[in-house]
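Top to bottom, those sequences are chains A and B. At position 215 of the first sequence (counting the first as 1) the number is 215 in the working numbering, and the numbers step up by one without a gap. At position 284 of the second sequence (counting the first as 1) the number is 284 in the working numbering, and the numbers step up by one without a gap. We put the CB at the ideal spot given by N, CA and C, even for glycine. Everything below concerns the one structure shown next.
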Amino acid sequence: METAFIITILATAIQAGAPVIYAAVGEIFAERSGILNLGVEGMMLVGAVSGFIVAVNTGNPWAGVIAAMLAGGLLSLIHAFLTITLHADQVVSGLALTIFGAGLSSFLGQNYVGVQGPQFNPIHIPVLSDLPILGPILFDYDILVYLSVLLIPLSAYFIHHTRPGLHLRAVGEDPATADVMGINVARTRYIYTFVGGVLAGLGGATLSLAYTPGWTEGLSGGRGWIAIALVIFAFWEPWRAMVGAYLFGGVQALQFNLQTIGITIPTYFLNMLPYLFTILVLVFATGERMKRHLGAPAALGIPYIRGER
Amino acid sequence: MNTPTARQPDIAVEMRDIVKRFPGVVANDHVTFIALRGEIHALLGENGAGKSTLMNVLSGLYTPEEGEIFINGEKVVFHSPRDAIAAGVGMVHQHFRLVPTLTVIENVILGLDDPKFRLKLEGARAKIQSLSEQYGLKIDPDAFIWQLSVGEQQRVEIIKALYRGAQILILDEPTAVLTPQETEELFRTLRSMAEKGHTIIFISHKLDEVMAIADRVTVLRQGKVVATVAIDEVNKEKLAEMMVGRPVIFRIEKPEIEPGEEVLRVEDLHVRNDKGLPALQGVSFVVREHEIVGVAGVSGNGQTELAEALYGLRPVEKGRIFLYGRDITQASTRDIIREGVAQIPEDRHREGSVGNMGISENLIMKHYRRSPVSRGPLIDWGYVRDFARKLVKRFNIAAPSIHTKARLLSGGNLQKLILARELSSEPGLIIAMHPTQGLDVGATESVRKQLLEEREKGAGILLISEDLDEVMQLSDRILVIYEGQIMGETPGEGADRNEIGLMMAGENRSGTGDTSLQRNTSNA
Ligand SMILES: Nc1ncnc2c1ncn2[C@@H]1O[C@H](COP(=O)(O)OP(=O)(O)OP(=O)(O)O)[C@@H](O)[C@H]1O
Ligand SMILES: [Mg+2]
């Protein structure tokens with residue numbers, strides 16, 4: 001009983017963490033380039049609904065995934081255009097994007113609420129998936145979960161050990177210097193804002209095609225905001241974002257499973273936990289000394305205009 | 001002159017009839033500039049004369065509206081710094097272009113495409129080390145930029161340019177922030193580069209340095225070239241006159257005045273720096289009326305923290321500060337301002353002015369609470385305009401209008417603006433930090449005169465500066481600070497440079513404490 005419960009919690013945590021990992025890593029990329037995109041929630045929603053619609057109509061969940069990534073990416077380009085080309089305020093633009101995305105997704109999805117569609121199922125790996133304990137915790141997931149885990153080392157390596165990663169960091173820290181060194185600041189920011197949108201869209205698809213298959217209005221349920229908070233919690237590092245995403249997933253898992261074993265903590269309280277956790281993270285992560293050590297990219301949120309002084 | 005003179009083999013750079021405009025100003029007005037291979041060429045001019053602009057054009061950062069550039073006789077058009085680097089032009093900017101959170105190697109290879117994807121740094125490390133040996137530029141390739149001193153950061157900048165194969169190296173006010181020793185080292189490097197056939201173009205306001213190191217000099221005034229001359233045809237006075245358009249007096253009169261009552265008394269001051277480490281460890285001194293007390297020392301030895309503590313911007317851990325005998329140790333900055341303390345801050349952009357506000361708004365920043373600037377809760381803008389016009393005139397601030405945003409002013413004019421605001425409040429105590437850093441000879445002269453005038457009027461002045469000449473010229477007494485302690489005091493009159501230099505390096509002459517121990521710890 002006891003072990004079964006823990007296994008369920010851990011397995012659900014990893015499952016529930018996947019969409020948040022995608023969104024958070026995407027936002028890490030965007031913010032590392034200096035673009036704060038508060039539109040994650042909107043991009044996830046539009047990604048989720050477009051992925052679901054395409055999957056339903058083609059019968060192919062992979063087509064859905066691609067559609068979701070494109071949809072998220074397209075939406076992020078609106079933000080990129082407003083903030084990078086037109087130097088608009090990033091907070092305002094991002095908030096507008098979230099509101100727009102929420103509306104757009106409801107509109108697109110009105111005929112798909114409650115519809116059954118194709119979905120990604122757990123992959124059964126012979127031998128491994130049948131292992132006791134380890135099997136269900138490590139080897140009983142759908143492909144999108146595995147990919148989310150894979151994304152972490154890849155993105156961490158990319159940011160810290162490759163030339164494009166170096167240029168990404170330079171642009172977010174000191175765009176004027178990057179510019180003088182011959183790095184195209186605007187192009188870099190466009191690229192990584194787009195990457196952020198693509199990954200947020202993928203996070204949305206993970207919801208509508210795997211974790212909670214189907215479409216309902218507001219499906220993402222605030223996960224986009226959690227992802228943004230996690231980026232701060234993670235100090236812009238993918239590995240820490242993964243830890244944060246699984247913590248969040250764990251709290252969610254508890255929410256589902258405590259009731260089943262008869263522990264009655266009000267669901268309202270549990271629903272509140274991820275947000276409380278986020279606030280605490282923000283409080284601790286923004287202390288003056290912490291900031292100096294592991295601060296945000298120095299140019300985060302500031303438009304770059306060449307020659308401006 | 002229709003065939004390019006650049007056909008001559010020894011001409012490395014030829015800029016012809018360059019015009020570059022900014023809203024409201026012609027920064028470069030048909031400038032023609034020639035630099036030879038293997039020479040050290042100084043570029044002189046007042047603040048705002050257009051020196052940085054011209055060099056930014058040469059390094060590809062700005063595109064000129066008119067004019068042509070030839071490198072080694074070839075016509076080039078630069079669309080970005082990258083193009084300039086490819087043509088062998090490297091620039092070390094006035095404000096360093098280094099990303100503080102990256103390492104030396106990462107900064108050096110920034111923007112290149114080798115290595116293409118995976119950052120294998122062995123090759124780069126080896127190349128940096130060999131450059132550093134070849135040109136005497138000591139540096140740890142794996143250090144983060146934020147860990148380096150200003151002098152070391154400058155070395156990284158030079159290595160960065162050499163790494164890219166720069167044949168022509170531009171340095172924009174390279175010595176403004178260096179200690180005398182670091183300046184010596186830099187000059188050695190520059191000479192060895194010139195000997196190896198590099199062309200060095202450097203901008204400076206320090207005429208002694210120009211006389212010491214340059215082969216030829218080009219002087220700009222208000223965007224136009226005054227002349228290009230060989231260094232042995234001119235002297236310091238002549239250069240100054242070419243820059244300013246009138247003779248400049250280098251020795252300023254400092255009348256003998258008996259110091260009056262005590263203005264500031266600091267007792268056993270202990271303060272921590274931003275990292276939480278001790279920055280001041282038991283500093284005590286006095287400043288009296290009619291007196292300029294100089295604080296000499298290599299930057300980073302507690303000067304910033306001292307100024308901030310006196311101005312109420314930094315908590316005092318131990319010790320006390322008295323102004324006219326009143327304890328102000330815990331007083332707020334607002335109270336300290338009200339008591340008549342003026343401050344010329346170290347960073348004129350960040351602490352001295354609000355970049356996006358106009359000149360007039362910046363000028364009333366300390367007066368707006370009081371009549372006649374304010375009437376009740378309202379500001380009397382009519383009065384403010386008159387007030388601003390008067391100060392702009394009196395302090396000679398060159399700007400299109402009193403509404404020009406502060407960030408658009410050149411360094412010299414911004415400093416004049418700050419001075420105008422601070423001195424217009426008739427302060428009893430002035431804390432002046434590097435008051436003439438980056439200023440041209442004319443502006444330097446006027447700032448120093450203003451300070452001496454305030455001294456005559458009765459103010460006590462604490463002058464914190466790295467420029468030993470300035471400290472020695474202006475101060476009545478000189479304190480030397482090292483690692484947060486006062487190493488000793490000498491009178492300003494007839495002070496011994498060497499003696500001060502030794503104290504700046506940590507020799508304790510104050511007679512307090514165990515001197516031998518002091519010396520040991522400081523050398524360690
Ligand atoms: N980016 C800019 N935008 C608007 N005006 C500018 C800009 N850069 C320079 N200027 C103006 O052009 C003129 C020349 O400036 P520049 O920086 O070249 O002077 P400088 O000779 O380098 O002066 P300093 O000795 O103070 O560094 C000044 O009037 C300055 O205000
Ligand atoms: Mg300049």
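Taking the alpha helix (DSSP H) that residue i falls in, what are its first and last residues?
| i | result |
| --- | --- |
| residue 390/B | 381–394 |
| residue 160/A | 143–161 |
| residue 211/A | Premise fails: residue 211/A is in no alpha helix (DSSP H) and is neither H nor E. |
| residue 100/A | 90–108 |
| residue 96/B | First-last for residue 96/B: undefined, no H or E at that position. |
| residue 50/A | 40–58 |
| residue 335/B | 333–338 |
| residue 52/B | 51–58 |
Just verifying my parser: in three-state terms, what is the DSSP assignment at residue i?
| i | result |
| --- | --- |
| residue 208/B | helix |
| residue 5/A | helix |
| residue 181/B | helix |
| residue 233/A | helix |
| residue 91/B | strand |
| residue 437/B | coil |
| residue 281/B | strand |
| residue 29/A | helix |
| residue 319/B | strand |
| residue 130/A | helix |
| residue 172/B | strand |
| residue 171/A | helix |
| residue 79/A | helix |
To the nearest whole angstrom, what separates the beta carbons of residue i and residue j, a pair I think is in contact under 8 Å?
| i | j | result |
| --- | --- | --- |
| residue 47/B | residue 411/B | 6 Å |
| residue 167/A | residue 178/A | 7 Å |
| residue 26/A | residue 251/A | Wrong, their Cβ atoms sit about 22 Å apart, outside the cutoff. |
| residue 291/B | residue 476/B | 5 Å |
| residue 40/A | residue 227/A | 5 Å |
| residue 199/B | residue 13/B | 6 Å |
| residue 61/B | residue 180/A | 6 Å |
Rounding to the nearest angstrom, what Cα-Cα distance links residue i and residue j in this structure?
| i | j | result |
| --- | --- | --- |
| residue 279/A | residue 372/B | 47 Å |
| residue 163/B | residue 241/A | 37 Å |
| residue 4/A | residue 71/A | 39 Å |
| residue 6/B | residue 173/A | Note on residue 6/B: pLDDT 42, under 50, position unreliable in the model; no value is reported. |
| residue 110/A | residue 221/A | 17 Å |
| residue 17/B | residue 99/A | 54 Å |
| residue 55/A | residue 63/A | 6 Å |
| residue 36/A | residue 234/A | 15 Å |
| residue 346/B | residue 154/B | 19 Å |
| residue 503/B | residue 92/B | 31 Å |
| residue 348/B | residue 280/B | 23 Å |
| residue 247/A | residue 200/A | 19 Å |
Distance cutoff 8 Å, beta carbons only. Does residue i sit that close to anything in chain A?
| i | result |
| --- | --- |
| residue 528/B | Summary: the structure shown does not reach residue 528/B, with chain B confined to residues 1 through 524, and so no result is reported for it. |
| residue 552/B | Nothing about residue 552/B can be reported from this structure: the residues present for chain B run from 1 to 524 only. |
| residue 206/B | no |
| residue 99/B | yes |
| residue 21/B | no |
| residue 300/B | no |
| residue 116/B | yes |
| residue 158/B | no |
| residue 111/B | yes |
| residue 399/B | no |
Along the chain, where does the beta strand (DSSP E) containing residue i start, and where does it finish?
| i | result |
| --- | --- |
| residue 357/B | Residue 357/B -> no beta strand (DSSP E), and no H or E assigned at all. |
| residue 486/B | 485–491 |
| residue 498/B | No beta strand (DSSP E) contains residue 498/B, which is instead part of the alpha helix (DSSP H) from 497–504. |
| residue 269/B | 262–272 |
| residue 30/B | 25–36 |
Strictly under 8 Å for the Cβ-Cβ distance: is residue i near chain B by that measure?
| i | result |
| --- | --- |
| residue 56/A | no |
| residue 24/A | no |
| residue 79/A | no |
| residue 87/A | no |
Is it the case that the CB of residue i approaches a heavy atom of ligand 4 more closely than 7 Å?
| i | result |
| --- | --- |
| residue 51/B | In the structure shown, ligand 4 is absent; the only ligands present are ligand 1 and ligand 2. |
Quick one: is residue i near chain C, going by C-beta distance under 8 Å?
| i | result |
| --- | --- |
| residue 240/A | The structure shown contains no chain C; its protein chains are A and B. |
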